[in-house]
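Quick note: the sequence shown, position 273, residue 276 per UniProt numbering, numbers continuous.
Where a beta carbon is used, it is the ideal one built from N, C-alpha and C, also for glycine.
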Amino acid sequence: AAPDADTLEALERLAVEVCVEAGRLIVDERPANLGVSKTKSTATDVVTVMDQRAQDLLRTRLHEARPQDGFLGEEEGGAASRSEITWVVDPIDGTVNYLYGIPSYAVSVAAVVGDPTTPGAWRPVAGAVVNPVTGELFHARHGSGAWLQVGTATATRLEIAAPPQLGHALVGTGFGYDTGRRHWQATLLLGVLPHIRDIRRIGSAALDICAVAAGTLDAYFERGLNPWDMAAAWLVLTEAGGVFTGLGAAPPNDQMVVAAAPTLHTALHEVVLHAAERSGTETTGG
Ligand code: IPD
Ligand code: CA
Ligand code: CA
Ligand code: CA
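Structure (structure tokens):
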């Protein structure tokens, strides 16, 4: 069941508010000597102090506003839900860009229904993604369209444009941190690259998926995403008229996501599916 219209509106407003506040925090309080505070799955899977600080801020604000809701973030500290809603947040999506000072990173905040740890068992109902450097703020709630607001300008409604043919499509992707999967990732890319205009690896999955909604990328695919990378951007894309799926009949999941306008989605999905089948199974990683 979807939350009622008033609830959806309140969820979207809250997502925007906390997302913008966390975005301000990571820009304004970025330490001059920012370094890696720890690594996770591999030596290149880094976390900075600001990832945890931003997540703590999001968790505190969301708990103050809606204490019954669950919370799932990329960094430490979750909470089970006692309502129909769980907040799924990525406090900094594009941590490596943030670390290097490349201005393509985001805060992503989504309210979801269902169990976000089980693919196919959940869906986003409201959400926001902000690039705090450019001021681009994407937001959506179920059934009310996707919106892009830049700074203090009035929000504009996003409607995905008629896409080019696959051969002319500019396609975003990303490569997860599992260094045991590098060979597989390269093989997959070999299967896709000859069919498209070019690849962009910008470094923030949430911004990439929102870029498809806004038309600054034509399509996107990636293996290895977690719910917090995709939750808010998934809704922005689909509310703009885009399609967001896994491979075959699978819902979006960690094995693959494909995002594009309907006709281009069909064409790209086909190529990614064949390339994935031909790439075989990697030796490490899941
Ligand atoms: C990563 C970014 C990156 C994508 C990785 C994600 P993080 O998130 O979205 O673009 O390729 O798969 O894990 O670690 O910067 O939040
Ligand atoms: Ca992320
Ligand atoms: Ca992150
Ligand atoms: Ca991370």
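- Counting along the chain, the unbroken alpha helix (DSSP H) around Gly194 starts and ends at Arg185 to Val195.
- If you draw a 10 Å sphere on the C-beta of Pro34, you find fewer than 16 other C-beta atoms in it, and that means exposed.
- Of the candidates Trp125, Ala158, Thr121 and Thr120, the residue whose Cα lies closest to the Cα of Ala131 is Ala158.
- Taking 8 Å as the cut-off, the beta carbon of Ala149 is found closer than this to the beta carbon of Ala243.
- The Cβ-Cβ distance between Val274 and His198 falls below 8 Å.
- Taken in chain order, the whole alpha helix (DSSP H) runs of length 4 or more contained in the region 76-148 are 98-103.
- Closer than 7 Å to some heavy atom of ligand 4: that describes the Cβ of Asp48.
- Taken from the Cβ of Ile163, every heavy atom of ligand 1 lies 7 Å or farther away.
- Ranked by Cα distance from Ala114, the options Asn229, Arg56, Ala270 and Leu17 are led by Leu17.
- Per DSSP, Arg204 is not a residue of any beta strand (DSSP E), being assigned neither H nor E.
- With respect to the 8 Å criterion, Ile163 and Ala129 are not classified as neighbours on the basis of their beta carbons.
- The C-alpha of Pro94 is placed about 7 Å away from the C-alpha of Glu77.
- Leu161 carries a strand assignment under DSSP once its states are collapsed to helix, strand and coil.
- Boundaries of the beta strand (DSSP E) around Ala262: Val260 to Ala263.
- Checking the 7 Å criterion, the Cβ of Glu225 is out of range of every heavy atom belonging to ligand 4.
- If you draw a straight line from the Cα of Leu75 to the Cα of Trp231, it is about 8 Å long.
- According to the DSSP assignment, Glu20 belongs to the alpha helix (DSSP H) that extends over Ala8 to Asp31.
- For Leu250, the three-state secondary structure derived from DSSP is coil.
- Gly227 places its beta carbon less than 8 Å from that of Gly179.
- Close to ligand 4, as judged by a C-beta nearer than 6 Å to any of its heavy atoms, are the residues Glu77 and Thr98, in chain order.
- Looking from the CA of Ala234, the closest CA among Cys213, Thr45 and Glu24 belongs to Cys213.
- The region 22-40 makes contact with the region 50-69; the number of CB pairs closer than 8 Å reaches 3 or more.
- For Gly80, same chain residues with a beta-carbon under 8 Å away, outside a window of 5 residues either side, are Gln58, Asp59, Arg62 and Phe74 in chain order.
- Here Leu173 carries a strand assignment [DSSP, helix/strand/coil].
- With respect to the 8 Å criterion, Ala278 and Val195 are classified as neighbours on the basis of their beta carbons.
- Contact check for Val110 against Gly26 passes: the beta carbons are separated by less than 8 Å.
- Around the beta carbon of Tyr103, fewer than 16 other beta carbons lie within 10 angstroms, which makes this residue exposed.
- At least one heavy atom of ligand 3 lies closer than 7 Å to the C-beta of Asp93.
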